[in-house]
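Each remark here refers to the structure printed beneath this line.
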Amino acid sequence: MGGGGAAKGWLGQMGFTKSGGSINWYPGHMAAATRAIRQRLKLSDFVIEVRDARIPLSSANEDLQPMLSGKRRVIALNKQDLANRNLMHKWISYFNSHKQECLPINAHSRSSVHKFASLLRVINPISMIHIPKLLDLVEFKLKEVMAREPTLLVMVLGVPNVGKSALINSIHQIALSRFPVQEKMKKARVGPLPGVTQDIAGFKIAHRPSVYVLDSPGVLVPSIPDIETGLKLALAGSVKDSVVGEERIAQYLLAVLNTRGTPLQWKHLVDRETEDPRHELENKPESVIKDLQNKGKKPMNKSNAYRVQDMVSEVQRTLCITLSEFSGSLEDESDLEILIEHQFEALQKALKIPHKASEARIMVAKKFLTLFRTGKLGPVILDDVPDASDSVS
98 MGGGGAAKGW LGQMGFTKSG GSINWYPGHM AAATRAIRQR LKLSDFVIEV
148 RDARIPLSSA NEDLQPMLSG KRRVIALNKQ DLANRNLMHK WISYFNSHKQ
198 ECLPINAHSR SSVHKFASLL RVINPISMIH IPKLLDLVEF KLKEVMAREP
248 TLLVMVLGVP NVGKSALINS IHQIALSRFP VQEKMKKARV GPLPGVTQDI
298 AGFKIAHRPS VYVLDSPGVL VPSIPDIETG LKLALAGSVK DSVVGEERIA
348 QYLLAVLNTR GTPLQWKHLV DRETEDPRHE LENKPESVIK DLQNKGKKPM
398 NKSNAYRVQD MVSEVQRTLC ITLSEFSGSL EDESDLEILI EHQFEALQKA
448 LKIPHKASEA RIMVAKKFLT LFRTGKLGPV ILDDVPDASD SVS
């Protein structure tokens, strides 16, 4: 999948997206957590701000940025495996041009976290070669403070479901190999839904000096500034589906894919329609089958992998055909809504959802969103890289 281009802010103003009203999710625990985070930030020596690599700007908590701008900080763009690599270097360059350190990572991969480090010591940020390790970064940035402070605090924060706790668990595993004599740490809770961590907990990762990592709940702003930002957060899983509605989120995703022309990139699947898509898996390594399964699920055998591959191919083929046959204008709101409605009907057939199912549209939306969120439809970055003159969040 691509990023940037035709998908502009007007998609958030379309009838089906705007009619649902503004998108806000700020339950009571977030208000309390935000106050606690502000207090801990005053005491923190270093901040790792975790953002979703698919929405590098939309996943920033704007209310906390004024405090963060005055702290030693690095932005970790997590879930890099779900983001378009061809665009990631542009985001790194963008943040770097604003003198803000930024690094793409995959919090579930220890090898990725090992590579998490300071851009100040990286000659080629695109290739990510010869990068010092994450804990080296913390030590490098806190070198002066370490000389005079017996205890240091590193705070990890971000909006819900960007992978903060997963990152902390990986950091701890690495720290154990470097500081094996320290006491065992209880793992931070990790879940696929936003709002899993609801209190601030500290975990020791080093001693002499003692270094503690503070995990924090994911918090959003009380009022999300615009509808499209809210839709991006919902699409990435940072806002609960029930707050926005799966159908509305899926409609927005289809609008993004269509206006970017993404389904046309799957034309090869239409050309090979008569071939058995399972043949493609036969000669692929086991790692490919592993990639088809959802994180945290039991290992997938080849039979199940075939079924998933069949479903993905059929969805991609369906979207390619419907867009190819579309005779309207993608820049016309009414025409685009007609296309999306037609695609919903076609996806119901592609996903083998019974025609008379009482909640067929919701079922279509849920399955379609799952394919996107797990990367089955390909990597994507939803945010557009701002002009160089725009300020960085």
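For the sequence shown, this note's numbering begins at 98 and goes up steadily by one.
Glycine included, C-beta positions come from ideal geometry on N, C-alpha and C.
**Q.** Simplified DSSP assignment, three categories, for Gly494
**A.** As shown, the chain starts at 98 and ends at 490. That puts residue 494 outside it, with no answer to give.
Q) Can you tell me where the beta strand (DSSP E) with Ser307 in it begins and where it stops? A) Ser307 to Asp312
Q: Identify which residue in Val147, Leu108 and Arg151 has its Cα closest to the Cα of Gly472.
A: Arg151
(Q) Please classify Ala128 as buried or exposed, where buried requires at least 16 other C-beta atoms within 10 Å of its C-beta. (A) exposed
Q: Kindly indicate the opening and closing residues of the alpha helix (DSSP H) around Leu468.
A: Ala457 to Arg470
Q.
Between Glu438 and Met111, how many whole angstroms is the CB-CB distance? I'm expecting something under 8 Å.
A. Not quite, the Cβ-Cβ distance comes to about 12 Å (not below 8 Å), so this is no contact.
Q.
On the DSSP bridge list, what partners appear for Val491?
A. No statement about residue 491 is possible, as the shown extent of the chain runs from 98 to 490 and does not include it.
Q. Taking Arg135 as the reference, which of Met164, Ser155, Phe300 and Asn121 has the closest Cα?
A. Met164
(Q) For Met252, list the residues DSSP reports as bridge partners. (A) Val144 and Leu311
Q: Run the CB neighbour count on Lys449, radius 10 Å, all protein chains shown included, and call it buried at 16 or more, exposed below.
A: exposed
Q. Could you give the C-beta distance for Pro201 and Gln177, rounded to a whole number, given that I count them as a contact under 8 Å?
A. 4 Å
Q | Three-way DSSP call (helix, strand, coil) for Val360 in this model | A | It should be noted that the sequence gives Pro, not Val, for residue 360. It is helical.
Q.
Just to confirm the assignment, what range does the alpha helix (DSSP H) spanning Leu330 have?
A. Ile324 to Ala333
Q) Can you give the Cα-Cα distance for Ser426 and Leu108, rounded to whole angstroms? A) 14 Å
Q: Mind the definition here: the region 411-419 touches the region 354-364 only if three or more C-beta pairs lie below 8 Å; say whether that holds.
A: Yes: at least three Cβ pairs fall under 8 Å.
Q: Write down the C-beta distance between Ala352 and Leu433 rounded to the nearest angstrom, noting that I regard them as a contact closer than 8 Å.
A: Indeed they touch by this definition, with Cβ atoms about 6 Å apart.
**Q.** Residue from Asn158, Arg458 and Ile271 with nearest C-alpha to Glu442
**A.** Measuring from the Cα of Glu442, the nearest candidate turns out to be Arg458.
Q. Could you give the distance in angstroms between the alpha-carbon of Leu468 and the alpha-carbon of Lys446?
A. Distance between Leu468 and Lys446, taken at the CA atoms: about 16 Å.
(Q) Restricting to Cα atoms, I'd like to know which of Pro247, Trp188 and Ser190 is closest to Arg305. (A) Pro247
Q.
Buried or exposed for Ile228, going by 16 or more other Cβ atoms inside 10 Å?
A. Unreliable placement is indicated for Ile228, whose pLDDT of 29 sits below 50; no coordinate value is reported for it.
Q.
Whether or not the region 460-467 and the region 136-147 are in contact is what I'm after, with contact meaning three or more pairs of Cβ atoms, one per stretch, closer than 8 Å; do they touch?
A. no
Q. Is the Cβ-Cβ distance between Val341 and Ala331 less than 9 Å?
A. Cβ distance < 9 Å, so Val341 and Ala331 count as in contact.
Q) Since Leu436 is in the alpha helix (DSSP H), which residue starts that stretch and which ends it? A) Glu430 to Ala447
Q. CB-CB under 7 Å to Ser320, same chain, minus the five flanking residues each way: which ones, in chain order?
A. Asn121
Q: From the DSSP output, in three-state form, read off Pro153 for me.
A: Under the three-state reduction of DSSP, Pro153 is assigned to coil, being neither helix nor strand.
Q: Would you mind sorting Glu428 into buried or exposed? The rule is 16 or more other CB atoms within 10 Å of its CB.
A: exposed
Q: Kindly indicate which three-state DSSP category Leu264 falls into: helix, strand or coil?
A: Here Leu264 sits in helix by DSSP.
Q.
Which of the three DSSP states is assigned to Pro124 in this structure?
A. coil
Q. The alpha helix (DSSP H) spanning Pro483 covers which residue range?
A. No alpha helix (DSSP H) holds Pro483; DSSP gives it neither H nor E.
Q. So what's Pro163 in DSSP terms, helix, strand or just coil?
A. Three-state DSSP puts Pro163 in a helix.
Q: Below 8 Å CB to CB, which residues in the same chain sit around Gly299 once its five sequence neighbours on both sides are set aside?
A: If we look at Gly299 and ignore the five residues flanking it on each side, its Cβ neighbours are Leu250, Tyr309, Val310, Leu311 and Asp312.
Q | C-alpha distance - His269 paired with Tyr403, whole-angstrom precision | A | 36 Å
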